[in-house]
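Read the structure below first, then the notes.
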Ligand SMILES: Cc1cc2nc3c(=O)[nH]c(=O)nc-3n(C[C@H](O)[C@H](O)[C@H](O)COP(=O)(O)O)c2cc1C
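Numbering (the working numbering), first residue to last: 10 to 193.
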């Protein structure tokens with residue numbers, strides 16, 4: 010299996026409106042594959058403007074926020090592509106779509122890295138951050154997964170949150186749990 014990095018992908022609509030979405034980008038030699046499921050704004054945007062930014066951030070509120078309707082995260086112009094990057098990114102990679110492998114369910118956009126930049130140091134691993142990412146993935150699949158599976162995975166992930174979260178991780182977790190509780 011190829012390596013996947015959980016990132017925040019920024020794309021733009023033709024009019025330049027920025028879209029922010031958590032996506033697992035797939036390692037592909039020196040480049041990355043972005044594989045959005047249909048239907049998705051990221052997919053439409055990549056077709057309209059074939060550039061993206063992979064934002065590497067440890068602020069897990071952006072992951073949880075995007076899945077709970079909190080999408081107003083600050084962005085800054087990128088250096089080489091017409092797509093802004095996240096202001097809170099520790100680092101980012103600017104991507105240009107080189108080719109598209111069409112698929113009924115999940116087209117694959119093969120991207121070349123045109124520029125990379127670092128903005129702040131990596132501060133080390135935090136288990137609550139990993140737990141929030143896992144919970145965000147569960148929340149993105151709430152409509153697909155059985156309730157018991159969601160409940161048991163959340164019970165396990167909550168241990169790391171209780172033991173190791175800082176305020177940002179706790180806030181992100183609370184947003185996700187609110188959505189889980191509200192699910193039909
Ligand atoms: C960590 C993480 C990784 C994700 N990776 C993908 C992905 O690779 N492809 C995808 O379609 N959705 C992925 N999702 C779900 C999307 O973030 C979500 O469906 C989002 O709304 C994308 O659709 P949009 O472009 O319309 O916003 C992921 C969610 C999380 C939390």
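Just so it is clear, CB atoms sit at the ideal spot from N, CA and C, and this is done for glycine as well.
Check                                                                                                              : Outcome
Burial state of residue 153, where buried means 16 or more other Cβ atoms lie within 10 Å                          : exposed
Per DSSP, the bridge partner or partners of residue 184                                                            : According to DSSP, residue 184 bridges with nothing at all.
Assigned exposure category for residue 87 - 16 Cβ within 10 Å defines buried                                       : buried
Residue 93 classed as buried or exposed, judged by whether at least 16 other C-beta atoms fall within 10 angstroms : buried
Run of the beta strand (DSSP E) containing residue 8, from where it starts to where it stops                       : This structure leaves residue 8 out entirely; the chain is present only between 10 and 193.
Cβ-based neighbour list, residue 39, same chain, cut-off 8 Å, excluding 5 preceding and 5 following                : 121 and 122
Separation of residue 117 from residue 111, as counted between CA atoms                                            : 7 Å
Any non-hydrogen atom of ligand 1 within 7 Å of residue 76 CB                                                      : yes
Outcome for residue 46 when other beta-carbon atoms lying within 10 angstroms are tallied against a minimum of 16  : exposed
Residue 60 CB to nearest heavy atom of ligand 1 below 7 Å                                                          : no
C-alpha distance - residue 108 paired with residue 24, whole-angstrom precision                                    : 22 Å
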